[in-house]
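Visitor: For the working numbering, add 203 to where a residue sits in the sequence shown, where the first one is 1.
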Amino acid sequence: MVRNCFLFLFFLCLGISTSAQEKALLKILNRELKKEVKHQLKSPNFNGDTITIVEPFTISNEKVLSFKITKTSPYFTGVQIIKQEVALSAVKNIGKDINIIFETPRDSVTVTTTTIINGKTEEETMKYYLFFPYLSNEKNNENLGTEIQNAFKKAGFIVTKDYWYD
Numbered sequence: 204m205v206r207n208c209f210l211f212l213f214f215l216c217l218g219i220s221t222s223a224q225e226k227a228l229l230k231i232l233n234r235e236l237k238k239e240v241k242h243q244l245k246s247p248n249f250n251g252d253t254i255t256i257v258e259p260f261t262i263s264n265e266k267v268l269s270f271k272i273t274k275t276s277p278y279f280t281g282v283q284i285i286k287q288e289v290a291l292s293a294v295k296n297i298g299k300d301i302n303i304i305f306e307t308p309r310d311s312v313t314v315t316t317t318t319i320i321n322g323k324t325e326e327e328t329m330k331y332y333l334f335f336p337y338l339s340n341e342k343n344n345e346n347l348g349t350e351i352q353n354a355f356k357k358a359g360f361i362v363t364k365d366y367w368y369d
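#1: Tell me which residues share the same chain as Thr280 and place their Cβ nearer than 7 Å to its Cβ, disregarding the 5 neighbours each side in the sequence.
#2: Val312 and Tyr337 - do their beta-carbons sit closer together than 8 Å?
#3: Determine the direct distance from the alpha carbon of Phe334 to that of Ile285, and round the result to whole angstroms.
#4: To the nearest angstrom, how far is the alpha carbon of Lys295 from that of Lys356?
#5: In this structure, how does DSSP classify Lys323 when only helix, strand and coil are distinguished?
#6: First and last residue of the beta strand (DSSP E) that includes Gly298?
#7: So for Ile219, helix, strand or coil by DSSP?
#8: In whole angstroms, give me the CA-to-CA distance for Leu228 and Lys364.
#9: Am I right that Gly348 and Ile304 are in contact with their C-beta atoms under 8 Å? What's the rounded C-beta distance?
#10: Out of Ile351, Ile361, Gly359 and Glu288, which has the shortest C-alpha to C-alpha gap to Arg234?
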């Protein structure tokens, strides 16, 4: 009986600890996404695309990382609502080539894009191997890559960081 109580408490604490570490990852990603939105128009690299946060980064009970933004651009008509989802366990590498990128095995990222043009709505769901957290404005920030990598590790997911180019 005592052993069962001990095991129950151990696994309960393990779950709480993992949850706390996942919250640390969310805190980093949401902090950076808010900075991105705030500074996008001030960036010397501003290309006309603007984003707003619809749903901040969250992690489901199934350990799926997701977020939703709206995007406008001079390169397309209307508004896009973009939701990206990826299992934390699928993220294998973090890199940056202008944008921060989470690399996964093939078809591990689900991107649902809802395009609204003149009141008409069209939805498309695609599978990819790259997860884009829409973080690109800040330069010389390789320390952010290390911070994200360490947050994944503390949450129980080993992720490499191979390249970091502005």
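Just so you know, even glycine gets a beta-carbon here, dropped at the ideal spot from N, CA and C.
Guide: On the basis of the data shown:
#1: Once the five neighbours on either side are set aside, the close Cβ partners of Thr280 are Ile320.
#2: No, the Cβ-Cβ distance between Tyr337 and Val312 is not below 8 Å.
#3: Ile285 and Phe334 have their C-alpha atoms roughly 12 Å apart.
#4: Those two C-alpha atoms are separated by around 11 Å.
#5: Of the three classes helix, strand and coil, the one that applies to Lys323 here is strand, per DSSP.
#6: That run of the beta strand (DSSP E) goes Asn296 to Asp300.
#7: Caution is warranted here: a pLDDT of 44 is assigned to Ile219, below 50, making its placement in the model unreliable, and the coordinate value is therefore given only provisionally. DSSP places Ile219 in helix when its eight states are reduced to three.
#8: Taking the straight line joining both Cα atoms gives about 16 Å.
#9: With a Cβ gap of about 10 Å, Gly348 and Ile304 do not count as contacting.
#10: Nearest C-alpha to Arg234: Ile351.
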